[in-house]
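To start, the structure under review is shown below, and the notes come after it.
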Amino acid sequence: MKRFVFGTAASFGLAAVIWEVFARSGLFSPALSPSLAAIVPALVQMVVSGTIFVHIGYTLYRILWGLGLAALVSVPVGILMGRYKPVERFVLPLVSVLSPIPSLAWVPVFILWFGLGNAASVALVFYAATFPIILNTWTGVRSINRIWVRAAETMGASGGELFRKVVLPGSLPFVIAGLRQAFARSWIAVVGGEMIAATSWGLGWVIFDSKEFLRTDVMLSTLVVIGILGLAFERLVFQAVERRTVGRWGMIRTAGA
Amino acid sequence: MFRPPTTLYLRRAALALVQLLFPFVVVAILWEGFAIFGPFPPRLFPRIETIASAFVRLVVTGILPLHALETLLRLAAGFLLGSLVGVTMGMLMGRYRWAEDLLVPVVSVGNAIPGLAYAPLFVLWFGLGNLPAVLLVGFSATFPIVVNAWTGVKAVKSIWIRAAETMGASDGQLFRKIVLPGALPYVLTGLRLGLARAWRVLIAVEMLTSVSIGLGWLIFGAREFLNTDVMLAGIAVIGLVGLGLEKLVFERIEKFTVVRWGMLER
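Written as structure tokens, this is what we have:
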């Protein structure tokens, strides 16, 4: 633990020193590569005035709607694919053709269809999130130990019980892994989408807008916020969910601490 | 009755083909229905024949292949850059404690920031055009590659290393004959993820850094003129290229290296 703290401190310290040297080296003008002495006040100012929280709120609103809708649609689709062969035969070709298309390629089309603003961003997040969830859920259902299903059937489990007590928990590690991947992709999609489908709020939009005014200090502060939020979601939300559910049921080993 | 096996094969192949095509036919019918009866004007939601004819027109005039080639070159340059930096960093992190301590925190925060978020910054630093696009693609590809190379080196069995050391392997030999092949399955996974990420970022980057030719730019530019058919034809090509990269490039590399060496079962 001690080593971890020291290592982390040294790591960020070194990164800061390298940035400072780069910023003050005169390679780029200070307007383009501001020193920490300019970035930190910009960040503090955004926090104090509260604008950063509005931006965070908008971005989270879009990502949670998109991700939530995607989960609502994709988990059932994935389960049906895993349980019923005809569904798999129907959905799988579509998924394997659509999923290699980067979600951001759809931005211009979505802008035309949904207009600028929230709807386009939510649609984008939905597109980005849906395929990892479908594919992982499908794999999860297929990976369920056959013996569990047969045992439950032998003991007279009804269809509903079988689903609730065997299929759902059995595929959960994969479903969570899929949600995790989906979040990583949506995170990229939402930031990119906000830049291009310009609205007036959102973390991606701030960065893009600051370019017009050459406010590199604001850009870099926002980048830091994006990094911290992304990491927090990954570490706090997903790892916690994993530990509470599948980790506790002994289905996977979770990383300690 | 006896039936010659060839017709049986043919029947089976035909059945498989029908099964494969069936979902696309259904989607196409839905699309057509929506295009004709839906709320969007045909300019915004073109019928499939319009998209197909735009596709054919763009391919025949050589516009689409040209854009695709530019994009692929950019992808190759960025990915190469990212893999060189990424594999080197990951191997250092796996072999040396100090490198691990110093780099892991920075890499994990950096990994959580979408590469695309740096696009405006890169544009300010490096101007518009190819340079920021390639650098950004390389930058985004680096993270998954680093993380996997690092994990891979750490996953090399210490018994193998000790055995090699006991048998008097030099540092260089140890690296070439034990660490590198041992870590390769992970490194390849990292490269694959890196390429996928590079591909996803590149399309958007082309929209933001206004390169003069490229698939992303083609789609984005088409919006100005409401050429939805061109946009959708471009998206189709993007999907085909993405699918091709995955199936042709990586599955093959994997088969030729790690599967052959018996490190992964297939």
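From first to last, the protein sequence lines stand for chains R and F.
Using my numbering, the letters of the first sequence map in sequence onto residues 1 to 257.
Using my numbering, the letters of the second sequence map in sequence onto residues 1001 to 1266.
C-beta: ideal position from N, C-alpha, C; glycine also.
Asked, Found
"In chain F, which residues lie with their C-beta within 9 Å of the C-beta of I196 (chain R)?", "A1204, M1207, L1208 and F1220"
"What is the DSSP secondary structure of A105 (chain R), reduced to helix, strand or coil?", "helix"
"So with Cβ pairs under 9 Å, would you call R1011 (chain F) a contact of chain R?", "no"
"Measuring only the C-alpha atoms, how far is K1247 (chain F) from A42 (chain R)?", "46 Å"
"Tell me, please, whether the CB atom of A105 (chain R) is closer than 9 Å to any CB atom in chain F?", "yes"
"Just to confirm, is the Cβ distance from I1219 (chain F) to I1203 (chain F) under 9 Å?", "yes"
"Distance cutoff 9 Å, beta carbons only. Does T162 (chain R) sit that close to anything in chain F?", "Looking at the sequence provided, one finds Leu at residue 162 (chain R) rather than Thr. No, no contact with chain F."
"So, at 7 Å on beta carbons, what are the nonlocal neighbours of V1026 (chain F) in its own chain, with the 5 sequence-adjacent residues on each side left out?", "none"
"Are the C-beta of V91 (chain R) and some C-beta of chain C separated by less than 9 Å?", "Absent from the structure: chain C. Protein chains present are R and F."
"For A129 (chain R), collect the residues of the same chain with a Cβ closer than 7 Å to its Cβ; drop the 5 residues on either side in sequence, then sort them by chain order.", "G66, L67, A70, A182, R185 and S186"
"So, with DSSP's three-state summary, where would you put W201 (chain R)?", "coil"
"Alpha carbon to alpha carbon, how far is V1018 (chain F) from L1121 (chain F)? Give it in angstroms, no decimals.", "50 Å"
"Roughly how many angstroms lie between the CA atoms of V44 (chain R) and L1058 (chain F), to the nearest whole one?", "51 Å"
"Can you give me the C-alpha to C-alpha distance between L1010 (chain F) and A1016 (chain F), rounded to a whole angstrom?", "10 Å"
"Could you tell me the boundaries of the alpha helix (DSSP H) in which A31 (chain R) lies?", "Element bounds for A31 (chain R): n/a, residue is neither H nor E."
"Is the Cβ of E1265 (chain F) closer than 9 Å to any Cβ of chain R?", "Note that E1265 (chain F) scores 48 on pLDDT, short of 50, meaning its location in the model is unreliable and no value can be drawn from it."
"Are D1229 (chain F) and P1039 (chain F) close, meaning C-beta to C-beta below 9 Å?", "no"
"What are the residues of the region 27-56 of chain R that lie near chain F, defined by any Cβ-Cβ distance shorter than 8 Å?", "F28, L32 and S33"
"Write down the C-beta distance between I1051 (chain F) and A1233 (chain F) rounded to the nearest angstrom, noting that I regard them as a contact closer than 8 Å.", "6 Å"
"Report the neighbours of D1101 (chain F) on chain R: residues whose CB is nearer than 9 Å to its CB, in chain order.", "R3, F4, F6, G7, T8, A10 and S11"
"With contact counted as at least three CB pairs below 8 Å, one residue from each stretch, are the region 97-117 of chain R and the region 51-58 of chain R in contact?", "no"
"Run down chain F in chain order and give the residues with a C-beta less than 7 Å from the C-beta of F208 (chain R).", "P1120"
"Flag I1235 (chain F) as yes if its beta-carbon sits less than 9 Å from any beta-carbon of chain R, otherwise no.", "yes"
"Report yes or no: is there a C-beta of chain R within less than 9 Å of the C-beta of V1249 (chain F)?", "no"
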